[in-house]
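Q: To start, I am sharing the structure in question, which I have written as C-alpha cells.
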Amino acid sequence: MRDYLQAQLRAVLDTLGDVPPDFEIALETPDRPEHGDLATNTALRLGSVLDDNPRAIAETIAERLRERVDPARIQSVEVAGPGFINVRFAQDYLFDGLADLLAQGDAYGRSDAGDGQRALVEYVSANPTGPLTVGHGRNAVLGDTIATLLDWTGYDVTREYYYNDAGRQMRVLAQSVRARYEALATPDLDTKTLTLDDDTTVEVPEGFPEDGYLGEYITDIARSLYDEHGAKLLTTESLTPFQEAAEEAIFADIEATLAQLNIEMDAFADEQSLHDEGRVEAVLDGLTEAGLTYEEDGALWLKTTAFGKDQDTVLVKTSGEPTYRTPDIAYHITKFERDYDLMIDILGADHHAAYPDVLNALDALGYDADRVDVVLYQFVTLVRGDEPVKMSTRRANYVTLDDLIEKVGADVTRFFFLMRSPDTHLNFDLELAEEESEKNPVFYLQYAHARICSVVDKAEEVGFSYDEDADLSLLTHEAEIALIKELLRFPKALRDAADARAPHLVPNYLEDVATAFSQFYDNCQIIGVDDDLATARMQLALAAKTVLKNGLTVLGLSAPRQM
RNA sequence: GCGCUCGUAGCUCAGUCGGACAGAGCAUCGGUUUCCGGUACCGAAGGCCGGGGGUUCGAAUCCUCCCGAGCGCACCA
Numbered sequence: 009m010r011d012y013l014q015a016q017l018r019a020v021l022d023t024l025g026d027v028p029p030d031f032e033i034a035l036e037t038p039d040r041p042e043h044g045d046l047a048t049n050t051a052l053r054l055g056s057v058l059d060d061n062p063r064a065i066a067e068t069i070a071e072r073l074r075e076r077v078d079p080a081r082i083q084s085v086e087v088a089g090p091g092f093i094n095v096r097f098a099q100d101y102l103f104d105g106l107a108d109l110l111a112q113g114d115a116y117g118r119s120d121a122g123d124g125q126r127a128l129v130e131y132v133s134a135n136p137t138g139p140l141t142v143g144h145g146r147n148a149v150l151g152d153t154i155a156t157l158l159d160w161t162g163y164d165v166t167r168e169y170y171y172n173d174a175g176r177q178m179r180v181l182a183q184s185v186r187a188r189y190e191a192l193a194t195p196d197l198d199t200k201t202l203t204l205d206d207d208t209t210v211e212v213p214e215g216f217p218e219d220g221y222l223g224e225y226i227t228d229i230a231r232s233l234y235d236e237h238g239a240k241l242l243t244t245e246s247l248t249p250f251q252e253a254a255e256e257a258i259f260a261d262i263e264a265t266l267a268q269l270n271i272e273m274d275a276f277a278d279e280q281s282l283h284d285e286g287r288v289e290a291v292l293d294g295l296t297e298a299g300l301t302y303e304e305d306g307a308l309w310l311k312t313t314a315f316g317k318d319q320d321t322v323l324v325k326t327s328g329e330p331t332y333r334t335p336d337i338a339y340h341i342t343k344f345e346r347d348y349d350l351m352i353d354i355l356g357a358d359h360h361a362a363y364p365d366v367l368n369a370l371d372a373l374g375y376d377a378d379r380v381d382v383v384l385y386q387f388v389t390l391v392r393g394d395e396p397v398k399m400s401t402r403r404a405n406y407v408t409l410d411d412l413i414e415k416v417g418a419d420v421t422r423f424f425f426l427m428r429s430p431d432t433h434l435n436f437d438l439e440l441a442e443e444e445s446e447k448n449p450v451f452y453l454q455y456a457h458a459r460i461c462s463v464v465d466k467a468e469e470v471g472f473s474y475d476e477d478a479d480l481s482l483l484t485h486e487a488e489i490a491l492i493k494e495l496l497r498f499p500k501a502l503r504d505a506a507d508a509r510a511p512h513l514v515p516n517y518l519e520d521v522a523t524a525f526s527q528f529y530d531n532c533q534i535i536g537v538d539d540d541l542a543t544a545r546m547q548l549a550l551a552a553k554t555v556l557k558n559g560l561t562v563l564g565l566s567a568p569r570q571m
C-alpha cells in the first residue's frame, strides 16, 4: 500500500512542474485515527520549494490524487491542518489484507527486502574466562534477535561467536587453574595473600597469578583435572592441559546458558587459528605496506592519527605479542573472504573507541568497511535496592546470566533486554527482579495469545465450527477495524526493526497489537453471536494469534497456550 | 582535557525522515463481571521533553553553549 501510494503521489507531483524529481515523499502512520491511515507532509515541504501556500498545494495534490487512485484501495483523500494530506484505506483493502494474513499463517511477516543477501551477525563473543554476565546477556539477546529479524526480512544469516584464545587473558586463566590444581595435589603448599582493588584480601596458593581469576569455577575445573589425572600434571611445564580443560569447561557452561535463552550459534571463530594461518602477520605486512605503521620504543604502532584520532595505537607490544586489534582486523578479513554482503558486530559501549581502528584498517587494506555495521549497546547497571552491585569478572562476585534466568525465567530475561533501545543504559534492580517480572509486559503479550487459544478451545467445546471462507466484510465494529489495521502493520514493523537494527520496536508494536486485541475482545463477543459474524470474528482472532505468535517467535519467546 | 551514548510523568522507558493537542507500562485514585480467561477493559491525576541561545512555516527531534550521568581516551579484551 505504501509503495502504491508513493508511486501515485510521485505521478501527481510530476504533473505539478518545478518539483525536483528526487524530491522525497514521506508517508507516515498518523498518531490519531481521525488523521487517516497514512499521511504525507509533502505539500508542507513543497511550500518553500514552489514558493506557494502549502494548503493550496495540498488541495491541488489531493484533487489529482483522488482522480487517479483505485477506489478499491483508497477510500478518501483529505487535506487537513496546515497542509497534511490524509489518506484513508478502503475497507476491501483491509479485508483482502486480512485474508492474505490468514493464508500466510506462520510465514506472515516475512519479506524479501534483503533479497537473499548473505549476512553475518557476530555476537556474544565473550572470551571463555568465566560464566556469562548479565551484560553479555544483553549482547547475546540483541545479536540473536537482530539475526532473526534479518532472517525474516530476507537475508541469509549466519550467527557467529568469536573469541580470543591466544592472548594474555587465557594464559592467566590457565595459570589460575594450575595454581588451584597444585594446591589440591600438594595439600601443604604455601599460600600468599592478594590485595584486591577494593582493598579486600584473599588467600591463594603460592603460584597463583597476581591478576588471576578467583571464581569458584576455577577450583572446580582444577578438581576435575585432579580427579582425572591425580598429581601427574605437576611434572609438566606446559599450561596447555590447564587452558584446554578450562576452555572446554567454561565453553560448555556458556553454551548451556545460551541454550536456555534459545540461542544457538552457527559457527565459532577463534583467534589462535588466525595466528596459525599467518593471517595476523599478513595484516601487519599489509598495513606496513600501506605506510600506516612505524616502530617506536620496541613496539609497532598504527598511525590512527591518520584517521583523525588524537593518538596512535599499538599493534604489537614490546613483548612481540599483538594487541587484540590486530587479530580483530584479520578476523574481519575472513568475513570478507567468506563473501558476506553485510557484517554486523554487536559491541558493548566500552568498545566504541576501538572499533573505528578496525574499520579504518580494513578500509586501508582495500576492503569495503561500509559493509560492516556496528551495533553499540550501553551497559547494564545492576542495583540491589539503592546499592549498586559491584561487578568484577576477576573475583566472579557478579550476578551471572544464569542467576538472572533462574530468577525471572528465560522469556522475561530476553524481553527485558529487548524492550529498550540499545542506546539506553539499563538499570536493573535485583531486589525487585521477581516482583517486576510479574509486571513485565511480556506477560501481557502472552496472555493475549493464551486467551485466543482458550477461545479456540471453547469453540470446540461448544461445537461451534467455523470455516475458512468467512465473510470478513461483516467486521465493521470500530474495534475490529482498528485491530485489522494493527495486524497489517506487522511486516513493516519487522522491516523497520531490521533496518534500524532496533529490536525494541518489535515489543513496542506487539503491545499495540495486544491492546487492540483486548479492546476487540472486550467489545465484540465471538462465540454465541450470529454464525456468520462469529465465523468472521473467529478468523480475526486467529489472525491476531498469528501475529502474536510470529512476533513472539521473532523475539525468541514462547507463545504459551495457557498461563 | 578530548571523544561516544544519554537526560522526556513519582519510577522504568517509547516517541519513525523535523509535523497535527508529547505517549505507554508500573505506582496512585475511581469505575466495569448473569457472557468466550478480570493476568482484562474504561476513566482521572500526573510534563518548563535537563537549562540557555539559534535554524525552520513548524523542534523532544537539527546546530551551538552550559549543567548532570554512564562509558571510553592501555604495550587489557
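All letters in the first sequence, in the order written, are residues 9 to 571 by the working numbering.
Where a beta carbon is used, it is the ideal one built from N, C-alpha and C, also for glycine.
1. Give the DSSP-derived three-state secondary structure of Tyr452 in the structure shown.
2. Can you find at least 3 beta carbon pairs, one from the stretch 108–126 and one from the stretch 158–178, that sit closer than 8 angstroms?
3. Tell me the DSSP secondary structure of Thr244 in three-state form.
4. Helix, strand or coil for Leu384? Go by DSSP, reduced to three states.
5. According to DSSP, what are the bridge partners of Thr408?
6. Would you call Glu272 buried or exposed, if buried means 16 or more other Cβ atoms sit within 10 Å of its Cβ?
7. Ignore the nearest five residues each way along the sequence and tell me which others in Thr421's own chain have a CB closer than 6 angstroms to its CB.
8. Quick check: what's the CA-CA separation for Ser56 versus Pro28?
9. Could you spell out where the beta strand (DSSP E) holding Ile489 opens and where it closes?
10. On the DSSP bridge assignment, give the partners of Gly356 in chain order.
11. Sort Val77, Leu453 and Glu224 by Cα distance to Tyr12 and report the nearest one.
12. Output needed for Gly215: all residues of its chain with C-beta closer than 6 angstroms, excluding positions within five of it in sequence on either side, in chain order.
13. Suppose the cutoff is 7 angstroms on Cβ atoms and the five residues either side in sequence are ignored; what does the same chain contact list for Ala549 look like?
14. Could you work out which residue in Lys325, Glu519, Pro136 and Pro41 is closest to Ile258 when comparing CA atoms only?
15. State the CB to CB distance for the pair Tyr221 and Leu192, rounded to an integer number of angstroms; the pair is presumed to be in contact (CB under 8 angstroms).
16. Ends of the alpha helix (DSSP H) at Pro29?
17. Around the Cβ of Arg346, are there at least 16 other Cβ atoms within 10 angstroms (buried) or fewer (exposed)?
18. Indicate whether the contact test is met: 3 or more Cβ pairs, each with one atom in the stretch 137–144 and one in the stretch 97–113, closer than 8 angstroms.
19. Buried or exposed for Thr313, please, with buried defined as at least 16 other CB atoms from any protein chain shown within 10 angstroms of its CB.
20. Put Ala277 into one of helix, strand or coil per three-state DSSP.
21. Provide the residue(s) that pair with Trp309 in DSSP beta bridges, ordered along the chain.
22. For Thr194, which option in Leu241, Asp30, Arg126 and Gly175 has the closest C-alpha, if you only look at C-alpha atoms?
23. Please confirm whether Ala456 and Leu384 have their CB atoms less than 8 angstroms apart.
24. Around the Cβ of Tyr494, are there at least 16 other Cβ atoms within 10 angstroms (buried) or fewer (exposed)?
25. Identify the residues that DSSP records as bridge partners of Tyr169: which are they?
26. Do the CB positions of Tyr474 and Ala522 come within less than 8 angstroms of each other?
27. Could you work out which residue in Arg81, Ala47 and Val87 is closest to Ile65 when comparing CA atoms only?
28. Taking 8 angstroms as the limit between beta carbons, can you name the residues of its chain near Val324, skipping five residues before and five after?
29. Could you give the residue range of the beta strand (DSSP E) that holds Asp437?
30. Can you have a look at Lys200 and say buried or exposed, based on whether 16 or more other CB atoms are within 10 angstroms of its CB?
31. So the candidates are Leu128, Tyr406, Tyr348 and Ile69; which of them puts its Cα closest to the Cα of Ala51?
32. How is the beta strand (DSSP E) around Ala372 delimited, first residue to last?
33. Short of 7 angstroms in beta carbon distance, which residues of its chain neighbour Gly294, apart from the five on each side in sequence? Order them along the chain.
34. Leaving out the 5 sequence neighbours to the left and right, which residues in its chain are closer than 6 angstroms to Glu279 when beta-carbon positions are compared?
35. Given Ser133, which residues of its chain have a CB within under 7 angstroms of its CB, disregarding the five upstream and five downstream residues?
36. Three-state secondary structure (DSSP) at Val537?
A: In brief:
1. Tyr452 falls in the helix class under three-state DSSP.
2. yes
3. Collapsing the DSSP output to three states places Thr244 in coil.
4. Looking at Leu384 - three-state DSSP - the assignment turns out to be strand.
5. Thr141
6. exposed
7. Excluding residues within five positions, the ones whose Cβ falls inside 6 angstroms are Leu412 and Ile413.
8. 13 angstroms
9. No beta strand (DSSP E) contains Ile489, which is instead part of the alpha helix (DSSP H) from Glu486 to Leu496.
10. In the DSSP assignment, Gly356 forms a beta bridge with Tyr385.
11. For the residues Val77, Leu453 and Glu224, the minimum Cα distance to Tyr12 belongs to Val77.
12. Answer for Gly215: Ala187 and Glu190, listed in chain order.
13. Ile460, Val463 and Ile534
14. Pro136
15. Contact between Tyr221 and Leu192 does not hold, since the beta-carbon distance rounds to 16 angstroms and is not under 8 angstroms.
16. Element bounds for Pro29: n/a, residue is neither H nor E.
17. Burial state of Arg346 is exposed, judged by a 10 Å Cβ sphere holding fewer than 16 other Cβ atoms.
18. no
19. exposed
20. Here Ala277 sits in strand by DSSP.
21. For Trp309, which the question treats as bridged, DSSP gives the partners Tyr302 and Val322.
22. Leu241
23. no
24. The sequence as given places Glu at residue 494; Tyr does not occur at that position. Buried.
25. Phe276
26. When the beta-carbon positions are compared, Tyr474 and Ala522 stay at least 8 angstroms from each other.
27. Val87
28. Taken in chain order, the residues that qualify are Leu292, Ala307, Leu308, Pro330, Thr331 and Thr334.
29. Secondary structure note for Asp437: its beta strand (DSSP E) is the uninterrupted segment Leu434 to Asp437.
30. By the neighbour-count definition (other C-beta atoms within 10 Å, threshold 16), Lys200 is an exposed residue.
31. Ranking Leu128, Tyr406, Tyr348 and Ile69 by Cα distance to Ala51 puts Ile69 first.
32. Here Ala372 belongs to no beta strand (DSSP E); instead the alpha helix (DSSP H) covers Tyr363 to Ala372.
33. Leu373
34. Asn172, Asp173, Ala174 and Pro335
35. Tyr169, Tyr170 and Tyr171, listed in sequence order.
36. coil
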